[in-house]
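The structure appears below as structure tokens.
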């Protein structure tokens, strides 16, 4: 956000943003056209009212014609009814259009999130990303509704009133037109300040969302470390920052409004002076009425500048997401059946924007059905290597093959269909146990018998049967209603039912107590049968049972072999075994 604030939007960017919004709005052509049409009708009723007012003032009070006395009030009543109906139809359909556009933008932004690479989420705050779907999308509703109604309706109103004023007295009207450049110049000067405040408001709302989410999800840590006061101070600072920016916006907006009132009062004085010598009573009433009617739309048009500048920040923020490049999926081949043979050749990797290599010239071979372990100190590159296999990150140096096919030549969905993942930080969704287990099987029907078998294989039955709704029990946000071991067994059940030939196990038991670890280890053993398994682990039992162990240090493979072979070498692994793996 701060980068947006320091780089004001150019006219070309502004046009590009509104072109994108217009494309969304055109999905609701009927409502949009209907709304604009009735806005024109609404604007014309103002002129019609003034014309009737002139007629009533000049002729209505002095006439003795009963028909005229009937027609004038009936005409006025009909005009006001038309005005009310036009206001309702235009407002309703503009809101309908705006809510449709916001819904479409939210859906498209959510779709975009699903297509973006993992690195995008590494580099962006989760709260800010959620804020785009909620607060910022709602800001765009203001752009379309308030700004749409104001700019279109009030502009038509001003134009119609000006035309009528020219009809009444072209000279006086042309004098007032000379004030227009002054107002435009002022708005041009004040707009950058409004835009800067708008960026600040957007930034503070994103920070507020992020801080709130962290506080809600981190309650246990906050309470145990007595950090409630610190978190409250952080939140209060963000709220006050947002409040101060909103106050600045209000002050600037109200000053704009006051300026219009001052200009209008000067104009009114000039009209009275001029009209006393040149206007009839009806003309005076109509002209003054036109001027007074014009104050509101002109004020609205100046005030809308505030909403416009604030909302530009939201628009650009969302459009930036929609314009992000999707995850690279240049592969065209499909591997219909996978045996699970993996070979890595001369692989080096560094994250974008950094010069330090996380992996350096890695070469290894994993045969079908083998269980291999990656061990080493934290930061050695184990998790990074595992993340490259399903192409969570793109690499440029080296090659990875799956059943002798370069993984870059495979379609991403097809490549990832051959992997299952179980991590230390178990991700469960706020849904039922059944839906979490069957999460990767939306396109396949799972029989009750299959599900029951998976529950037994994952060692989950002993706790599932005790739950009030059993498989239909909700797990809560991130599985909060389950223990660590229970969550992990559900995660394993999810991997078992997918039945992928390759398993990625990243510290799957490290956060568990001994009793839970035993239950989870049994489930893992069932999961790994006849599968190619790649394990990152610190637990001795897991490492000892591996067919082959690769020891990584500072991004390089420094040793490889079975547990017995590596211990006999008395090298890096043997030292690690004594100090860290025990």
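Residue numbers (the working numbering): 877 to 1458.
Every residue gets a Cβ at the ideal spot worked out from N, C-alpha and C, and that includes glycine.
*Would you mind working out which of 993, 1455 and 979 sits nearest residue 1201, comparing C-alpha positions?*
993
*asked:* One question on the structure: do residue 923 and residue 958 come within less than 8 Å of each other, judged by their Cβ atoms?
replied: Cβ atoms of residue 923 and residue 958: not closer than 8 Å.
*Can you give the beta carbon distance from residue 1379 to residue 1404, rounded, assuming they're within the 8 Å contact cut?*
6 Å
*Would DSSP call residue 839 helix, strand or coil?*
Limits of the chain in this structure are 877 at one end and 1458 at the other, which puts residue 839 out of reach.
*How far does the beta strand (DSSP E) with residue 1238 in it reach, from first residue to last?*
Counting along the chain, the beta strand (DSSP E) containing residue 1238 begins and ends at 1235-1242.
*Please go through the same chain and pick out, in chain order, the residues whose beta-carbon is closer than 6 Å to the beta-carbon of residue 1100, but skip the five residues on each side of it.*
Its pLDDT being 49, under 50, residue 1100 is placed unreliably by the model, and the measurement read from it follows with that caveat. Closer than 6 Å at the Cβ level, and outside the excluded window around residue 1100, lies no residue.
*At 4 residues or longer, and completely inside the stretch 1326-1379: list those alpha helix (DSSP H) runs for me, N to C.*
Listed in chain order, they are 1337-1340 and 1360-1374.
*Could you tell me whether the stretch 1237-1254 touches the stretch 1419-1433, where touching means 3 or more Cβ pairs closer than 8 Å?*
In this structure the stretch 1237-1254 lies against the stretch 1419-1433, because at least three pairs of beta carbons, one per stretch, are closer than 8 Å.
*Please report the residue range of the beta strand (DSSP E) in which residue 1428 lies.*
1424-1429
*Chain-order list of residues whose beta-carbon lies under 8 Å from that of residue 1445 (same chain, five-residue window excluded)*: Within its own chain, the residues whose Cβ lies closer than 8 Å to the Cβ of residue 1445, once the five positions on either side in sequence are excluded, are 1435 and 1437, listed in chain order.
*For residue 1355, is the classification buried or exposed, using 16 other Cβ atoms within 10 angstroms of its Cβ as the cut-off for buried?*
buried
*With a threshold of 16 other CB atoms inside 10 Å of the CB of residue 1332, please say whether the residue is buried or exposed.*
exposed
*asked:* Considering only the alpha carbon of each residue, which of 1016, 1274 and 1076 lies closest to residue 894?
replied: 1016
*Beta-carbon spacing of residue 1257, residue 1431 below 8 Å*: yes
_If I measure Cβ to Cβ from residue 1266 and keep anything under 6 Å in the same chain, skipping five residues before and after, which residues do I get?_
Closer than 6 Å at Cβ, skipping near neighbours: 1292 and 1295.
*Take residue 986 and list the residues in its own chain whose beta-carbon comes closer than 7 Å to its own, dropping the five residues that flank it on each side.*
Excluding residues up to 5 positions away in sequence, 1009 lie with their Cβ nearer than 7 Å to the Cβ of residue 986 in the same chain.
_I need the straight-line Cα distance from residue 1104 to residue 976, nearest angstrom please._
41 Å
*According to DSSP, which residues form a beta bridge with residue 1251?*
In the DSSP assignment, residue 1251 is bridged to 1427.
*Can you give the Cα-Cα distance for residue 1409 and residue 1189, rounded to whole angstroms?*
Their backbone Cα atoms lie some 47 Å apart in a straight line.
_Length of the line joining the Cα atoms of residue 1451 and residue 1368_ = Between residue 1451 and residue 1368, the C-alpha separation is close to 32 Å.
*Among 1275, 968, 972 and 1397, which residue has its Cα nearest to the Cα of residue 1383?*
1397
*DSSP puts residue 1277 in a beta bridge; with which residues?*
1219 and 1282
*Residues bridged to residue 1435 by DSSP?*
Among the bridge pairs identified by DSSP, residue 1435 is matched with 1427.
*residue 984 in three-state terms, based on DSSP*: helix
*Measure from the alpha carbon of residue 1254 to the alpha carbon of each residue in 1298, 1237, 1191 and 1413, then state which is nearest.*
1413
*Smallest Cα separation from residue 1377: which of 1042, 899 and 1243?*
1243
*asked:* My output table needs one value for residue 1225: the three-state DSSP class, helix, strand or coil.
replied: strand
_Beta bridge counterpart(s) of residue 1412 as assigned by DSSP_ = 1250 and 1382
*What is the DSSP secondary structure of residue 1445, reduced to helix, strand or coil?*
helix
*List the endpoints of the continuous alpha helix (DSSP H) containing residue 995.*
994-998
_If the criterion is Cβ atoms closer than 8 Å, does the pair residue 1234 and residue 1223 meet it?_
no
_Please report the distance separating the alpha-carbon of residue 1299 from that of residue 1107._
29 Å
*Going along the chain, which residues of its own chain have a beta-carbon closer than 8 Å to the beta-carbon of residue 1499, five neighbours each way excluded?*
The requested residue 1499 does not occur in the structure, where the chain is confined to residues 877 to 1458.
_For a quick check, are the C-beta atoms of residue 928 and residue 948 less than 8 Å apart?_
Between residue 928 and residue 948, the gap from beta carbon to beta carbon is short of 8 Å.
*Do residue 1351 and residue 1306 have their CB atoms nearer than 8 Å?*
yes
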